[in-house]
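The structure under discussion appears below in the form of structure tokens.
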Amino acid sequence: MWLDECVEFHRLWSALQFFFCQPSLSGQEGLNPPAEPLIEALYGDGLHWAGCSIIAVLNQYRRFEVLDFSYHLLRVHRADGKDNVVHGIKLSRMVERIRRFQLLNNQIFGVLNNYLNSVGENGEEIVEEQIREFAPPVYHSLSRSFASND
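With our numbering applied, the sequence shown has no gaps in its numbers, which climb one by one up to 337 at the end.
Structure, rendered in structure tokens:
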């Protein structure tokens with residue numbers, strides 16, 4: 188799958204979340220205060236709620252879980268465990284932020300699934316399509332000609 192061919196929202200949110208997970212460059216070791224505030228200091232959990240809500244409404248949750256850039260980095264880091272510094276970012280600090288965002292996303296998706304998915308008494312999902320079809324508008328002068336054709 189080519190990145191530029193994918194037009195689904197979860198890919199856009201994945202790229203944004205990868206950017207959000209990067210720790211601040213200054214203040215890496217806690218000696219200096221960060222030059223720029225982190226995204227959660229500016230917006231709290233609001234951006235995550237918005238992104239996860241859109242993913243849930245578009246029914247892209249499973250694809251997001253599998254194809255997210257940050258989660259991939261987390262899985263790779265768990266497998267090899269190296270703690271390198273890449274482009275001035277210490278991987279262990281970034282992986283720590285990714286894990287926190289993953290926990291937050293899981294909590295948000297859990298709440299959204301409770302409200303968006305109905306479950307029956309036997310534990311099976313109830314899927315109701317609520318689609319209303321409306322007749323197209325017809326001008327009064329044309330409505331007589333359509334009524335006579337029936």
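Cβ atoms here follow ideal geometry from the backbone N, Cα and C, with glycine treated the same way.
{"Check": "Distance between Trp-200 and Ala-237 (C-alpha atoms, nearest Å)", "Outcome": "10 Å"}
{"Check": "Leu-254 versus Arg-319 - alpha carbon distance", "Outcome": "34 Å"}
{"Check": "Distance, Asn-304 Cα to Ile-185 Cα", "Outcome": "Residue 185 lies beyond the residue range present for the chain, which begins at 188 and ends at 337; the question has no answer from this structure."}
{"Check": "Identified DSSP bridge partners for Ile-276", "Outcome": "Val-273"}
{"Check": "Same chain, Cβ closer than 7 Å to His-264, neighbours up to 5 away in sequence not counted", "Outcome": "Leu-278 and Val-282"}
{"Check": "Simplified DSSP assignment, three categories, for Ala-237", "Outcome": "helix"}
{"Check": "Backbone secondary structure at Ala-202 - three-state DSSP", "Outcome": "helix"}
{"Check": "Tyr-326: first and last residue of the uninterrupted alpha helix (DSSP H) it sits in", "Outcome": "Taken as a continuous stretch (DSSP letters only), Tyr-326 belongs to no alpha helix (DSSP H), as it is neither H nor E."}
{"Check": "Sub-7 Å separation of Arg-249 and His-197 beta-carbons", "Outcome": "no"}
{"Check": "Cβ neighbours of Val-194 in the same chain (closer than 8 Å, five flanking residues each side left out)", "Outcome": "none"}
{"Check": "Beta-carbon separation (whole angstroms), Ile-276 vs Ser-257, contact threshold 8 Å", "Outcome": "Rounded, the Cβ-Cβ distance is 13 Å, inconsistent with contact."}
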